[in-house]
Amino acid sequence: MASIFVRKLNIFGEEMWRYRGEVLERRDDSLVLKATFDRDDINISGMSLCRGDHFIEWYYSDRWYNINEIHNRDDGSLRGWYCNIATPAKIDDEFVVFQDLALDLLVFPDGRQLVLDEDEFEALTISPEIREKALKALNTLKNIFKEKESTEKSNTLGSQYYAIFL
Numbered sequence: 002m003a004s005i006f007v008r009k010l011n012i013f014g015e016e017m018w019r020y021r022g023e024v025l026e027r028r029d030d031s032l033v034l035k036a037t038f039d040r041d042d043i044n045i046s047g048m049s050l051c052r053g054d055h056f057i058e059w060y061y062s063d064r065w066y067n068i069n070e071i072h073n074r075d076d077g078s079l080r081g082w083y084c085n086i087a088t089p090a091k092i093d094d095e096f097v098v099f100q101d102l103a104l105d106l107l108v109f110p111d112g113r114q115l116v117l118d119e120d121e122f123e124a125l126t127i128s129p130e131i132r133e134k135a136l137k138a139l140n141t142l143k144n145i146f147k148e149k150e151s152t153e154k155s156n157t158l159g160s161q162y163y164a165i166f167l
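The opening residue of the sequence shown carries number 2 in the working numbering; numbering runs sequentially from there.
Shown next as structure tokens:
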């Protein structure tokens, strides 16, 4: 399985985080990879992220978001999804690079959704066009997860769910 580096940049182009992931699927306009959370344990609005948790990540070269599906390191259970509102990813053989636009959507396994960092997003100095694309992306993600919740009763995800996000 091929590996690739993920580079998360701020709006100034400065690297905020870099890590390696294993490519699960590659298409012309998207990439799915598996990565391991490599930071200290944190709690984000009621969702725990622990060093060693497993992530399945979807990146797109034509969408203003990326999706991280988070699984418990110990038993593989679904913790939820952390979605970044971001510029479309630049994907090549070595790197996935995106600029984070601060706004995030946290989705719990029971379907609850929580928008994070709205104040940071409002404070960003970005064009009205980028702001509009970011807000549209947030609404798109909310709808994707509402549709997913109404069609799926399972609490565990696997490769059959790739189609939801691709």
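Glycine included, every Cβ here is placed at the ideal spot set by N, Cα and C.
| Check | Outcome |
| --- | --- |
| Given that a residue counts as buried once 16 or more other Cβ atoms are within 10 Å of its Cβ, and exposed if not, what is GLU70? | buried |
| Determine the contact status of PRO89 and TRP59, defining contact as a CB-CB distance below 8 Å. | no |
| Restricting to Cα atoms, I'd like to know which of ASP101, PHE99, GLN100 and VAL116 is closest to LEU107. | VAL116 |
| From what residue to what residue does the beta strand (DSSP E) around ALA103 run? | 96-108 |
| Hey, could you find the ends of the beta strand (DSSP E) PHE6 is sitting in? | 4-10 |
| With contact counted as at least three CB pairs below 8 Å, one residue from each stretch, are the segment 89-99 and the segment 7-27 in contact? | yes |
| In its own chain, which residues sit with a C-beta less than 7 Å from the C-beta of GLU119, not counting the 5 before and 5 after it? | LEU104 |
| Mind checking LYS137: buried by the 16 CB within 10 Å criterion, or exposed? | exposed |
| Just reading off the alpha helix (DSSP H) that ALA124 is part of, what are its end residues? | 119-124 |
| Can you round the beta-carbon distance between ARG27 and HIS55 to whole angstroms, since I take them to be within the 8 Å contact cut? | The pair is not a contact, with the Cβ atoms about 19 Å apart (cut-off 8 Å). |
| Where does the unbroken beta strand (DSSP E) through ALA36 begin, and where does it stop? | 31-37 |
| DSSP three-state call for ILE127: helix, strand or coil? | coil |
| Residues in the same chain with beta-carbon distance under 8 Å from GLY14, minus the five sequence neighbours each way, listed in chain order, please. | GLN100 |
| Starting from CYS84, follow the beta strand (DSSP E) in both directions and report where the run begins and ends. | 79-87 |
| For ASN73, does the three-state DSSP call read helix, strand or coil? | coil |
| Can you confirm whether VAL98, when its beta carbon is compared against all beta carbons of chain D, has any partner nearer than 8 Å? | No chain D is part of this structure, which consists of one protein chain only. |
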